[in-house]
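Worksheet: one structure, shown below.
Numbering (this note's numbering), first residue to last: 7 to 306.
Structure (structure tokens):
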């Protein structure tokens with residue numbers, strides 16, 4: 007984790023402007039970027055220092071547990087060769103799954119800069135939560151789709167608070183209510199195991215349906231009301247097929263990998279399936295901009 011986090015962090019710090027522009031070009035066709043003022047603010051040195059302090063604490067905790075585990079292994083008489091093999095294999099198998107996190111950071115860079123997405127996705131957050139949270143707040147503030155040139159400092163603070171405070175609620179729920187919650191879930195599972203499977207499957211399908219429904223909703227033309235320079239104006243959102251392309255291609259890759267893992271007993275591939283499906287979906291949506299230029303409008 008240490009060797010992954012800080013070199014990349016320093017690389018982002020010294021190339022943040024280039025990365026922000028490049029990611030805007032890749033994901034959004036070079037439009038809808040933040041204003042220059044907000045880009046400088048979100049990628050400023052104080053923001054990087056705050057992010058570095060938080061990420062440094064996470065890295066310190068990881069190293070602390072690593073050192074204690076190593077010492078405990080030596081204490082109980084474990085073979086040093088096996089210990090080294092475990093450390094090397096663990097480090098190797100954390101690289102590829104972390105690509106999904108890096109992809110999430112890069113996807114949010116054009117809208118929120120580097121430090122905030124890096125911090126959010128390095129601790130408790132995930133792209134499945136952070137992106138919708140930021141998007142929903144932006145829409146409620148009248149900014150439209152992110153990234154938005156209309157974003158102000160207050161808007162950025164509101165988005166950051168929503169992303170942070172929203173995900174913190176789960177930690178408090180686990181801290182204060184997990185024991186009673188676990189007892190009820192254990193009792194329900196013991197009484198009727200099928201109920202638990204149906205419940206979680208239903209929750210998962212509901213979440214997936216919401217995302218897929220939103221993607222297909224982008225295929226129709228809509229009249230939207232937006233606040234531009236303090237004045238409400240009606241704008242037309244043209245159809246955008248890239249969301250559907252990304253969703254369909256990612257789902258197809260994930261399904262194919264799942265079948266391959268089960269049939270060929272390739273359990274090691276399970277750690278890479280999520281990241282690979284995201285990368286293929288992104289690549290497909292980028293290609294879709296060139297195949298369907300008239301159906302790839304991001305500006306609302």
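Just so you know, even glycine gets a beta-carbon here, dropped at the ideal spot from N, CA and C.
Query	Result
Let me make sure I understand the geometry here. Which of 110, 274, 189 and 46 has the alpha-carbon closest to that of residue 159?	46
If residue 109 and residue 284 are in contact, beta carbons under 8 Å, what's the gap, nearest whole angstrom?	5 Å
Have a look at residue 31 and residue 86 and give me their C-alpha separation to the nearest angstrom.	In this prediction, residue 31 has a pLDDT of 46, which is less than 50 and means its spatial position is unreliable; what the coordinates show is noted afterwards. Cα to Cα, the separation comes out at about 49 Å.
Under 6 Å: does the beta carbon of residue 145 sit that close to some heavy atom of the ligand NAD?	Among the ligands in the structure shown, none appear at all, so the ligand NAD cannot be discussed.
What does DSSP give as the partner residues of residue 242 in its beta bridges?	229
Looking at the strands, I want to know which residues DSSP matches up with residue 207.	Per DSSP, none; premise fails for residue 207.
Out of curiosity, what's the CA-to-CA distance linking residue 104 and residue 69?	17 Å
Using the beta-carbon count (16 or more within 10 Å), is residue 299 buried or exposed?	exposed
So what's residue 41 in DSSP terms, helix, strand or just coil?	coil
Can you tell me whether DSSP reads residue 302 as helix, strand or coil?	strand
According to the neighbour-count rule (16 or more other Cβ atoms, all chains shown, within 10 Å of its Cβ), is residue 296 buried or exposed?	exposed
Examine chain D for any beta-carbon lying closer than 7 Å to the beta-carbon of residue 146, and answer yes or no.	The structure shown contains no chain D; it holds only a single protein chain.
Extract the residue ranges of the alpha helix (DSSP H) inside the region 50–120, only unbroken runs of 4 or more that lie entirely within it.	51–81 and 86–118
What does the Cβ neighbour count give for residue 4, buried or exposed, with the cut at 16 atoms within 10 Å?	Residue numbering for the chain in the displayed model covers 7 to 306; residue 4 lies beyond these limits and cannot be assessed.
Could you check what DSSP says for residue 265 in three-state terms: helix, strand or coil?	helix
Taking Cβ to Cβ, would you say residue 254 is nearer than 7 Å to residue 286?	no
Measuring only the C-alpha atoms, how far is residue 267 from residue 203?	22 Å
Return helix, strand or coil for residue 184, following the three-state DSSP convention.	helix
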